[in-house]
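Undergrad: Residue numbers (this note's numbering), protein chains in the order written: chain A, 83 to 196; chain B, 17 to 131.
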Amino acid sequence: AQTVTQSQPEMSVQEAETVTLSCTYDTSESDYYLFWYKQPPSRQMILVIRQEAYKQQNATENRFSVNFQKAAKSFSLKISDSQLGDAAMYFCAFDTSGTYKYIFGTGTRLKVLA
Amino acid sequence: GAGVSQSPSNKVTEKGKDVELRCDPISGHTALYWYRQSLGQGLEFLIYFQGNSAPDKSGLPSDRFSAERTGGSVSTLTIQRTQQEDSAVYLCASSFFPRGDQPQHFGDGTRLSIL
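This is how it looks when you write it as structure tokens:
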């Protein structure tokens with residue numbers, strides 16, 4: 083079975099500091115995609131960053147970057163220079179090539195302290 | 017529209033009533049997905065559409081749940097004889113194609129509360 087695990091229900095970070103959210107997954111597939119989504123109180127899921135498993139280079143999007151360790155099946159999200167607007171639920175999701183449904187973790191609630 | 021639109025935003029109904037939830041995907045997106053997010057949980061896949069067809073309905077929790085899509089656009093998720101355990105946020109997403117390299121774009125969801 084394919085699973086996604088987020089072991090940190092809640093994290094806090096001081097404004098302007100850096101925080102890392104962890105995510106591990108389990109699959110026997112070799113070709114897949116990984117995503118981090120942000121869900122603010124407005125409920126809309128916003129794509130933060132994505133990583134193709136066949137790419138060794140870690141994806142980056144401005145202040146957001148990932149540490150993708152394929153052998154360890156780990157996909158952590160690093161947020162640099164944290165801002166108050168980063169406060170939200172963050173979900174890690176997984177999708178194998180050729181399938182159509184994302185498998186989500188249970189989320190990490192990030193609090194940003196002023 | 018510019019994004020995925022869902023209506024209503026909130027729905028409160030009595031146990032045993034039927035409800036319809038609507039999703040209007042991004043124009044040009046052929047794939048449409050329904051997820052359910054229960055309190056404190058991640059998202060649970062329900063069903064997806066490619067065009068007007070639903071190749072896999074295995075995520076629907078019971079036969080009280082059904083969905084349809086018309087004109088390759090708007091989709092309706094119907095829950096009959098609602099139960100309290102149906103209370104959740106129902107999220108809709110769309111993508112150009114049902115492939116892993118096509119990110120899914122989500123709507124704001126419908127919060128369903130069953131009294």
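Think of the CB as a built atom: it goes at the ideal place given N, C-alpha and C, for glycine as much as any other residue.
Could you tell me the distance, in whole angstroms, from the CA atom of Ser-103/B to the CA atom of Ser-74/B?
TA: About 20 Å.
Undergrad: Just to make sure I have the definition right: I need the residues of chain B whose C-beta is within less than 8 Å of the C-beta of Thr-178/A. Which are they?
TA: By Cβ distance, chain B contributes Gly-116.
Undergrad: Going by C-alpha distance, which of Ala-109/B, Leu-128/B, Phe-65/B, Glu-101/B is nearest His-121/B?
TA: It is Ala-109/B.
Undergrad: Under 8 Å Cβ-Cβ, which residues of chain B neighbour Tyr-114/A?
TA: Here the neighbours are Gly-116.
Undergrad: At what residues does the beta strand (DSSP E) containing Gln-121/A begin and finish?
TA: Here the beta strand (DSSP E) through Gln-121/A covers 114-121.
Undergrad: Pick out whichever of Ala-153/A, Val-101/A, Ser-94/A, Thr-100/A has its Cα sitting closest to the Cα of Ala-135/A.
TA: Here the closest residue by C-alpha is Ala-153/A.
Undergrad: Assign Ile-128/A to one of two classes, buried (16 or more other C-beta atoms within 10 Å of its C-beta) or exposed (fewer than that).
TA: By the neighbour-count rule (16 or more Cβ atoms within 10 Å), Ile-128/A is not buried but exposed.
Undergrad: For Gln-120/B, return the contacting residues in chain A, with the cut-off set at a CB-CB distance below 7 Å.
TA: Those are Tyr-184, listed as they occur along chain A.
Undergrad: Closer than 9 Å, Cβ to Cβ, to anything on chain B: give me those residues from the region 92-123 of chain A, in chain order.
TA: Those residues of the region 92-123 of chain A that come within reach of chain B (Cβ to Cβ, closer than 9 Å) are Asp-113, Tyr-114, Tyr-115, Phe-117, Tyr-119, Gln-121.
Undergrad: Using 8 Å as the limit for Cβ to Cβ distance, is Thr-199/A near chain B?
TA: This structure gives no information on residue 199/A, because the portion of chain A shown stretches from 83 to 196.
Undergrad: Would DSSP call Leu-48/B helix, strand or coil?
TA: Leu-48/B: strand per DSSP, three-state reduction.
Undergrad: For the putative contact between Ile-63/B and Gln-99/B, defined by C-beta atoms under 8 Å, what is the C-beta separation to the nearest angstrom?
TA: That belief does not hold up - the Cβ atoms of Ile-63/B and Gln-99/B are roughly 18 Å apart, past 8 Å.
Undergrad: Any C-beta of chain B sitting closer than 8 Å to the C-beta of Phe-173/A?
TA: Phe-173/A counts as touching chain B.
Undergrad: Since Leu-59/B and Tyr-106/B are thought to touch, with beta carbons under 8 Å apart, how far apart are those beta carbons, to the nearest angstrom?
TA: With 8 Å as the limit, Leu-59/B and Tyr-106/B do not qualify as a contact, their Cβ atoms being about 10 Å apart.
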